[in-house]
Amino acid sequence: MTATKTFAEVLHKGFRVSFDADRILYEQKTEHQHLVLFENACFGRVLMLDDITQVTTADEFVYHEMLSHVPILAHGNARQVLIIGGGDCGLAEEALKHETVERLTQVEIDRAVVDFAAEHFAEMNAAVFEDARFDLVIADGVEFVAASDRRFDVILVDSTDPVGPGSVLFTKEFYAGCRRVLRPGGVLVTQNGVPFMQADELVDSVGHFAGLFADAGCYLATVPTYVGGQMALGWATDDTGLRNVSEAVLNERFAAANLDTSYYTPAVHRAAFALPRYIDELVEKGRRRAA
Ligand code: SAM
180 MTATKTFAEV LHKGFRVSFD ADRILYEQKT EHQHLVLFEN ACFGRVLMLD DITQVTTADE
240 FVYHEMLSHV PILAHGNARQ VLIIGGGDCG LAEEALKHET VERLTQVEID RAVVDFAAEH
300 FAEMNAAVFE DARFDLVIAD GVEFVAASDR RFDVILVDST DPVGPGSVLF TKEFYAGCRR
360 VLRPGGVLVT QNGVPFMQAD ELVDSVGHFA GLFADAGCYL ATVPTYVGGQ MALGWATDDT
420 GLRNVSEAVL NERFAAANLD TSYYTPAVHR AAFALPRYID ELVEKGRRRA A
């Protein structure tokens with residue numbers, strides 16, 4: 180089929196990646212952002228918000244499995260889970276696969292993204308809308324964590340990048356709010372961009388984490404659409420043992436959870452915390468900033 184239009188992602192200075200849209204399925208200016216959904220021969224259906232790739236049907240499994248299963252299986256008894264952002268609801272679907280989760284609260288600023296995703300991404304989120312444990316709150320994530328009297332074992336920040344409405348989700352104020360609503364022994368993980376392309380974003384976040392938590396760092400996943408190398412997922416907790424849960428224990432928890440994954444394995448989980456030197460140096464730079 181001949182491509183009718185090209186969509187370029189304009190996230191990185193001096194570099195852009197573009198997708199051929201075989202068919203534009205939907206385009207809308209929501210109250211908060213510009214949303215477009217199109218079909219691409221390589222990645223399936225692609226969702227962009229404000230010209231930045233959010234999710235594709237072909238590789239969403241990498242990001243959603245690694246953002247959910249790593250902290251939930253490391254924690255081992257996550258009952259109350261909070262997602263901030265996550266409008267496409269693919270992350271909620273992955274997190275709800277854990278039967279230990281009693282309630283999953285998702286705080287998303289833009290209802291239009293959720294409504295839209297329910298209609299167009301049913302294969303990765305239909306189970307969410309039928310699950311009584313799913314509790315959707317339409318609100319700003321910063322305001323929610325500043326005011327909520329709920330407490331959570333695991334917080335997953337599935338944000339847009341630090342431009343537009345998502346920029347507040349990279350501030351110290353927001354991370355302090357997350358700490359406030361985290362139970363003792365809880366863990367916060369965040370979407371932290373591709374360190375090769377977005378080094379400052381990682382240094383800044385780790386710097387904020389280190390001022391608030393005993394363990395501040397990141398782990399990695401290779402997401403094909405987030406180009407430029409591995410993607411960093413921020414890691415912040417007061418339980419310094421959580422990053423070191425043994426493969427044997429992870430194997431037991433993984434078997435008990437009965438998950439059918441395409442990227443996550445306990446061995447990948449352990450290896451994800453091994454950082455290439457240039458990323459380790461960014462993490463160290465962040466930690467030193469807080470010292
Ligand atoms: N996987 C994606 C990525 O990294 O590109 C992110 C997916 S998800 C679609 C991001 C969601 O964060 C969007 O639906 C957006 O509306 C939401 N969001 C942005 N700013 C927010 C805020 N301040 N509070 C809550 N949700 C927010």
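One rule links them: number in our numbering = place in the sequence shown (from 1) + 179.
Where a beta carbon is used, it is the ideal one built from N, C-alpha and C, also for glycine.
Residue i - DSSP class collapsed to helix/strand/coil
{"i": "S197", "result": "strand"}
{"i": "E273", "result": "helix"}
{"i": "K464", "result": "helix"}
{"i": "V368", "result": "strand"}
{"i": "A355", "result": "helix"}
{"i": "V373", "result": "coil"}
{"i": "M180", "result": "Interpretation of M180 is limited by its pLDDT of 48, a score under 50 that renders its predicted location unreliable; the figure taken from the coordinates is listed afterwards. Reduced to three states, the DSSP call for M180 is coil."}
{"i": "Y457", "result": "helix"}
{"i": "G413", "result": "strand"}
{"i": "H448", "result": "helix"}
{"i": "L214", "result": "strand"}
{"i": "P341", "result": "coil"}
{"i": "L348", "result": "helix"}
{"i": "L429", "result": "helix"}
{"i": "Y442", "result": "coil"}
Beta strand (DSSP E) segment containing residue i, residue limits
{"i": "S334", "result": "According to the sequence provided, residue 334 is Ile. The question's Ser does not apply to it. Start and end: 331-337."}
{"i": "E206", "result": "202-208"}
{"i": "M303", "result": "Taken as a continuous stretch (DSSP letters only), M303 belongs to no beta strand (DSSP E), being part of the alpha helix (DSSP H) at 301-308."}
{"i": "A395", "result": "394-400"}
Between the CA atoms of residue j and residue i - distance to the nearest angstrom
{"i": "R362", "j": "K184", "result": "48 Å"}
{"i": "G407", "j": "T369", "result": "18 Å"}
{"i": "N219", "j": "D418", "result": "42 Å"}
{"i": "E426", "j": "R449", "result": "7 Å"}
{"i": "D383", "j": "G465", "result": "6 Å"}
{"i": "A182", "j": "A200", "result": "Reliability fails at A182, whose pLDDT of 49 lies under 50, so the model's placement of it is uncertain and no value is given."}
{"i": "F295", "j": "D319", "result": "19 Å"}
{"i": "R258", "j": "S197", "result": "40 Å"}
{"i": "S338", "j": "R330", "result": "20 Å"}
{"i": "A395", "j": "A453", "result": "14 Å"}
{"i": "V321", "j": "F433", "result": "32 Å"}
{"i": "G266", "j": "N430", "result": "30 Å"}
{"i": "C397", "j": "W414", "result": "5 Å"}
{"i": "A451", "j": "A253", "result": "12 Å"}
{"i": "L190", "j": "M227", "result": "11 Å"}
{"i": "Y457", "j": "E239", "result": "26 Å"}
{"i": "G372", "j": "Q409", "result": "9 Å"}
{"i": "R358", "j": "G365", "result": "9 Å"}
{"i": "N423", "j": "V286", "result": "29 Å"}
{"i": "L421", "j": "N256", "result": "12 Å"}
{"i": "A469", "j": "A435", "result": "39 Å"}
{"i": "K192", "j": "L348", "result": "21 Å"}
{"i": "E281", "j": "D314", "result": "11 Å"}
{"i": "L244", "j": "Y443", "result": "For clarity, residue 244 is Glu in the given sequence; the question names Leu instead. Each residue's alpha carbon lies about 6 Å from the other."}
{"i": "D310", "j": "I263", "result": "18 Å"}
{"i": "A446", "j": "L204", "result": "38 Å"}
{"i": "R467", "j": "I251", "result": "28 Å"}
{"i": "A187", "j": "E206", "result": "15 Å"}
{"i": "P455", "j": "C268", "result": "31 Å"}
Endpoints, alpha helix (DSSP H) assigned at residue i
{"i": "I288", "result": "It is not in any alpha helix (DSSP H) - I288 carries neither H nor E in the DSSP assignment."}
{"i": "H191", "result": "Careful: H191 lies outside any alpha helix (DSSP H), inside the beta strand (DSSP E) at 184-191."}
{"i": "E383", "result": "For the record, residue 383 in the displayed sequence is Asp; it is not Glu. Element bounds for D383: 378-391."}
{"i": "V316", "result": "Where V316 is concerned, there is no enclosing alpha helix (DSSP H), although the beta strand (DSSP E) it sits in stretches over 313-317."}
{"i": "G420", "result": "G420 -> no alpha helix (DSSP H), and no H or E assigned at all."}
{"i": "S320", "result": "In the sequence as presented, Ser is not what sits at residue 320; that position holds Gly. Run containing G320: 320-326, per the alpha helix (DSSP H) assignment."}
Supposed contact pair residue j and residue i - C-beta distance, whole angstroms, cut 8 Å
{"i": "R224", "j": "H277", "result": "So it is not a contact: roughly 26 Å between Cβ atoms."}
{"i": "A306", "j": "L283", "result": "Their Cβ separation, rounded to whole angstroms, is 12 Å, which puts A306 and L283 out of contact at 8 Å."}
{"i": "T401", "j": "F222", "result": "Actually they do not touch by this definition, with Cβ atoms about 15 Å apart."}
{"i": "T416", "j": "L367", "result": "7 Å"}
{"i": "V260", "j": "V333", "result": "5 Å"}
{"i": "L381", "j": "A355", "result": "About 19 Å; that fails the 8 Å criterion."}
{"i": "Q120", "j": "P344", "result": "Residue 120 lies beyond the range of the chain shown here (180 to 470); nothing can be said about it."}
{"i": "R202", "j": "F217", "result": "6 Å"}
{"i": "A291", "j": "T209", "result": "4 Å"}
Contact test: residue i Cβ vs the ligand GTP heavy atom, cutoff 7 Å
{"i": "E287", "result": "The ligand GTP is not part of this structure, which contains only the ligand SAM."}
Taking only runs of the alpha helix (DSSP H) that begin and end inside the stretch 216-283, which ones reach a length of at least 4 residues, in chain order? 239-254, 269-274
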